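Notes follow once the structure below has been shown.
2 protein chains.
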Amino acid sequence: MIQTLRFSDPGFADAFRKIEERGETAPAGVVETVQAIIADVRARGNQAVFDYTLRFDRLELSAATVEVQAEELDRALASIPTDSRAALELAAKRIADYHRKQKQETWISTDEADVLLGQMVRPLDRVGIYVPGGKAAYPSSVLMNAVPAKVAGVAEVVMVVPMPGGEVNPFVLAAARIAGVDRVFKIGGAQAVAALAYGTASIPKVDKITGPGNIYVATAKQLVFGKVDIDMIAGPSEILIINDGSGVPAHLAADLLGQAEHDELASSILITTDEDFAKQVADEVEKQLRQLSRESIARQSIDRYGAIILAQNLDEAIDFSNRIAPEHLELAVDNPFEILPRIRHAGAIFMGHHTPEAAGDYLAGPNHTLPTGGTARFFSPLSLDDFVKKSSIVSFSRAGLARLGKEIVHIAELEGLQAHARSVSLRLGK
Amino acid sequence: MIQTLRFSDPGFADAFRKIEERGETAPAGVVETVQAIIADVRARGNQAVFDYTLRFDRLELSAATVEVQAEELDRALASIPTDSRAALELAAKRIADYHRKQKQETWISTDEADVLLGQMVRPLDRVGIYVPGGKAAYPSSVLMNAVPAKVAGVAEVVMVVPMPGGEVNPFVLAAARIAGVDRVFKIGGAQAVAALAYGTASIPKVDKITGPGNIYVATAKQLVFGKVDIDMIAGPSEILIINDGSGVPAHLAADLLGQAEHDELASSILITTDEDFAKQVADEVEKQLRQLSRESIARQSIDRYGAIILAQNLDEAIDFSNRIAPEHLELAVDNPFEILPRIRHAGAIFMGHHTPEAAGDYLAGPNHTLPTGGTARFFSPLSLDDFVKKSSIVSFSRAGLARLGKEIVHIAELEGLQAHARSVSLRLGK
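Just so you know, the protein sequences line up as chains A and B, in that order.
Position in the first sequence (first residue = 1) + 1473 = this note's numbering.
Position in the second sequence (first residue = 1) + 1473 = this note's numbering.
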């Protein structure tokens, strides 16, 4: 049974800390293991990648077989049911439409000193997308990473997906084909991240690696950060639902379980001002849990990291939400737009009673890669910004430099940098 | 004497790798030392910070003295020469003007399925700015970090600056006052980064830490990344100048030395199509070197990591530039705007013969915190974007959910996530 808490409970702080700290500790030895794999891939290239793939994925690869051929992607797309294809194509289109709105243009402008300044926006040259294999192989994840990269204008989108024993989810390959992924490689784990970061004879070096993965993949991404860019460090997923007693308990119970069925570490929290509503949601969670094929995962998540919190009023609920900065925030209240301006931190905000979080997972349009574990305080959803970079442009005329030169020289001198000062004064003939 | 290279030299690749890899290895033990300091600050808070400050900065602090009082900032501002104040104020104004143009607005829009989607942009609540102490205490650095944060609307900008033996550069405090920094603390090193990331009784926990620092500071930032955001992992600085034989050799020599005088690991490279011009620049570098107060630093940098490269033509020069993705790129050519569209990767681009890089360091307007060591392939200059975060907004009407619900349910089911599917189908009465 999902626990019910009140802020005034003596045990509230402890109970809540258990939820907040659930993702903090990586198993001992992971960093060392991953460091060794990265060093090996840097040293031995392809052969190291193939060796680890044989060991971890029981799949024998060579330079001739490591890449999925274009015809295999075509065949995968042709093999899936028509309505599946239509659903994935609709999702791809809506994701592209939303992310296109995030596009920033190159600009240039002049100012009162006749100095021309600007900012040039360019897509990254090559991006690597990590897609988990096995059960957790989600075509939606392919779309959410590859479509924005293509919309941004990334010239080459490379995908890696482990294929344990040679098996792969055909929907994942079909989604890659729909999204316009340029190349797909049958590798995964830390070795795939290392190959993308440093390049091997078969795997091209990329500029950025995005996409979810297990603790080895996440650790590898963290370790290669700086050598390439990465999207973000994702912890376990969470949802917070703010409710004012309006709406249907069964709907919110399904939303809580939608989070919980992802994995045992997921956290699903409802905060409501209505005690009776709380009780009904708790009963519904119990009832619906029994109908899930992933009941065991969802139950562990709900039992350990789920909670229904009784708030005195919506102010208390909003303060709480701002304190935890949830990844997913549902405003399941009668008038969500009245509350929206007071939400300071959240990855994605789902408004009102007809917007289940699941809509955002698949095809509302915004990205489903969101900052977790309170990092919505400072991280943003994956977006077009992740697939471009900027260069500043500075252009002085002779007159402009004459106008501002004295102050530049002054600051350079007070910082003790003579060559800086001279680079300006020489140009001014002084 | 600065070395002269040609791409056709048999030793070119080796000579160049030496330059590219100059920043790669952190001294052994730094990570362990910094990890221990962070753990200690987490465990003992203020007292750990005060202990390290006494040990490393020979400065005894307490909760009563760790913070610089507002009156001290006012006094610092009043103490500096009038023309210094005017120069710093001009710089602050121009930096604010440029960064204001980077502002992104919250938007919301509807689509053909009557779904309302948007993106909410909000400033970070609290940012910490690291400012190095001692000789390398640059007021320009304070402005380049604090001004954009304030323009973005960050509610509280906290600065840390070590004060070895109690001493501090008054220009640094004056710049903090001009930029509107809210609080200043007399701490530095890994202990200051840890205090900002986790908070102590005296130091408030921040959402993001920006600003340059030594290897201990950089390592600490890297280790707390994820707990808070950081700006970027900065390596040693570099400049690349592309030249077509036009312009004045002495000017470009000064620009090369402007980079070199920063530190021994800086790299200054001129690539020119004109052999005679190359020779004149080399002679000028030698001549001007002897006139620098920081001659020893600049000479080490020029000798080890400086180079003049002779290119066959501008195409070769541009290709090379795109390959190394320089932090600072000067287009010291007759027609820089003809080349600009072909520049794929660079932190900041300085156009033509009247735009010395030093102008960008102080008051052109764009940020002087730029991606180094080839990371301009995927990182951007510090900007307003660094001081805001975004939330996605999703709002379905009942009709909108009815229109798209079938496809959401379809994808949820093919991903095997029943509760996801149910959260939609229940709302649709199915």
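We put the CB at the ideal spot given by N, CA and C, even for glycine.
On a predicted model such as this, the values are computed, not experimentally measured, just so you know.
Cβ neighbour criterion (16 or more within 10 Å) applied to residue i
i	result
D1680/B	buried
T1555/B	exposed
K1623/B	buried
I1816/B	buried
E1888/B	buried
D1749/A	exposed
K1903/B	exposed
S1794/B	buried
D1807/A	exposed
D1487/B	exposed
I1812/A	buried
M1705/B	buried
G1825/B	buried
N1786/B	exposed
E1475/B	The sequence given here places Ile at residue 1475/B; Glu does not occur at that position. Per the 10 Å Cβ criterion, buried.
P1621/A	buried
R1479/B	exposed
S1856/B	buried
I1581/B	exposed
R1599/B	buried
A1751/B	buried
A1501/A	exposed
A1739/B	buried
S1557/A	buried
G1846/A	buried
P1839/B	buried
A1805/B	buried
Sheet register partners of residue i (DSSP bridge)
i	result
N1716/A	T1745/A, A1805/A
M1455/B	Nothing can be reported for residue 1455/B, as the shown portion of chain B is limited to 1474 through 1903.
A1603/A	According to the sequence provided, residue 1603/A is Tyr. The question's Ala does not apply to it. DSSP, once it has assigned bridges, lists V1633/A as partnering Y1603/A.
A1586/A	Answer by DSSP bridge pairing: none, since A1586/A is not bridged.
A1509/B	The partner list for A1509/B (beta bridge, DSSP) is empty, contrary to what the question assumes.
R1913/A	A question about residue 1913/A goes unanswered here, because the residues of chain A that appear run from 1474 up to 1903.
S1535/A	Answer by DSSP bridge pairing: none, since S1535/A is not bridged.
F1823/B	V1867/A, E1803/B
V1541/B	V1657/B
S1557/A	Looking at the DSSP assignment, S1557/A forms no beta bridge with any residue, so it has no partner.
E1578/A	DSSP lists no partner for E1578/A.
S1740/B	E1711/B
Contact under 7 Å by Cβ, residue i with residue j
i	j	result
P1596/A	A1625/A	yes
G1661/A	G1606/A	yes
A1892/A	E1585/B	no
L1532/A	M1632/A	no
I1822/B	A1790/B	no
T1526/B	I1602/B	no
Y1835/A	S1613/A	yes
S1865/A	P1854/B	yes
S1774/B	E1737/B	yes
A1663/B	V1507/B	yes
S1868/A	L1589/A	yes
T1579/B	V1594/B	yes
G1907/A	L1899/A	Summary: the structure shown does not reach residue 1907/A, with chain A confined to residues 1474 through 1903, and so no result is reported for it.
A1674/B	L1730/B	no
S1719/B	Q1732/B	no
A1628/A	L1561/A	no
G1686/A	G1496/A	no
D1587/B	G1873/B	yes
A1885/B	A1875/B	no
L1550/A	R1650/A	yes
Any 3 or more C-beta pairs closer than 8 Å across the segment 1525-1544 of chain B and the segment 1852-1861 of chain A
no
If contact is defined by three or more beta carbon pairs under 8 Å, each pair taking one atom from either stretch, is the segment 1799-1816 of chain B in contact with the segment 1757-1765 of chain B? As far as the Cβ criterion goes, the segment 1757-1765 of chain B does not touch the segment 1799-1816 of chain B, which means the pair count is below three.
Would you call the segment 1720-1730 of chain B in contact with the segment 1684-1703 of chain B, where contact means no fewer than 3 C-beta pairs closer than 8 Å?
Touching, no, given that fewer than three Cβ pairs across the two stretches are closer than 8 Å.
Would you say the segment 1608-1617 of chain B touches the segment 1562-1569 of chain B, given that touching needs at least three Cβ pairs under 8 Å? yes
Original post:
Quick check: the segment 1769-1783 of chain B against the segment 1821-1835 of chain B, are there 3 or more CB pairs under 8 Å?
Top reply: Fewer than three Cβ pairs drawn from the segment 1769-1783 of chain B and the segment 1821-1835 of chain B lie within less than 8 Å of each other, which leaves the two stretches out of contact.
query = Residue ranges of each beta strand (DSSP E) run of no fewer than 3 residues wholly in the segment 1625-1667 of chain A, ordered along the chain?
reply = The DSSP assignment places 1629-1633, 1656-1658 as complete runs of the beta strand (DSSP E) inside the segment 1625-1667 of chain A, in order along the chain (cut-off: 3 residues).
- Item | Ordered list of beta strand (DSSP E) runs contained in the segment 1662-1706 of chain A, each at least 3 residues | 1681-1683
*Answer yes if the segment 1510-1528 of chain A comes into contact with the segment 1668-1684 of chain A, meaning at least three C-beta pairs across the two stretches below 8 Å, and no otherwise.*
yes
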